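The numbering of the sequence shown is our numbering, which starts it at 410 and goes up by one. Just below is one structure, and these are the notes that go with it.
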Amino acid sequence: MKTKRLVLDTKKPLGNPSGLKMAEGVTLLLSIAVEYKVAPNLLSTGNYTALAYPFLVNIIPLGYPCWKWINLHIINYKIYKRLMSIIHSEQLIDYADKKETTTFNERKVEYGVKIIYEETSEGIYITVRVVLVKSF
């Protein structure tokens with residue numbers, strides 16, 4: 410029986426940024442479509458604050474990377490620090506140039522690892538998968 414599972418991906422620590430951009434774009438288009446249908450009615454009745462509500466839907470795609478960061482850095486802080494110390498002591502990450510950064514303003518990782526930490530009733534299992542794909 411699994412009690413705790415934590416996945417740490419050094420290549421994409423907060424998820425896929427291009428997938429996040431796509432989700433944000435789709436929700437933006439949907440909220441604009443809702444505004445197109447609803448805005449004339451709301452403007453004629455003088456309910457100007459209701460015009461902002463469809464754009465609040467754009468917060469939903471940002472929830473995943475925020476939850477992932479909170480889960481790693483706050484909720485499971487001790488486990489995260491132990492895994493990162495293992496990664497750095499064994500030199501499992503190769504960084505790109507110091508000037509290159511990712512979408513989330515972190516140093517770009519050329520070669521990284523994906524660590525799956527599982528804490529079960531039988532013990533603690535750590536699975537290390539090496540990510541050898543170099544991003545260009």
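Cβ coordinates follow ideal geometry from the N, Cα and C atoms, glycine included. Model, not experiment: these values are computed from the prediction.
Considering only the beta carbon of each residue, do V416 and L439 sit closer than 9 Å? no
What residues in its chain sit with their C-beta under 7 Å from that of F464, if we drop five residues either side in the sequence? S440
Exposed unless 16 or more other CB atoms sit within 10 angstroms - verdict on I469: exposed
When burial is assigned at 16 or more other CB atoms within 10 Å of the CB, is G428 buried or exposed? exposed
So what's E515 in DSSP terms, helix, strand or just coil? coil
Three or more beta-carbon pairs under 8 Å between the segment 441-460 and the segment 513-528, yes or no? no
What does a CB cutoff of less than 8 Å around V540 pick up in its chain, not counting 5 residues either side in sequence? D418, T419, K420, Y520, G521, V522 and K523
Alpha carbon to alpha carbon, what distance is there between N456 and E462? Reading off the sequence, residue 462 comes out as Tyr, not Glu. Answer to the nearest angstrom: the Cα atoms are 11 Å apart.
For L481, count the other beta carbons within 10 Å of its own beta carbon; 16 or more makes it buried, fewer makes it exposed. Which is it? buried
Just verifying my parser: in three-state terms, what is the DSSP assignment at T419? coil
Roughly how many whole angstroms lie between the Cα atoms of W478 and Y486? 10 Å
Just mark L460 as buried or exposed, buried being the case when its beta carbon has 16 or more other beta carbons within 10 Å. exposed
Taking the alpha-carbon positions, what's the Y489 to H497 distance? 12 Å
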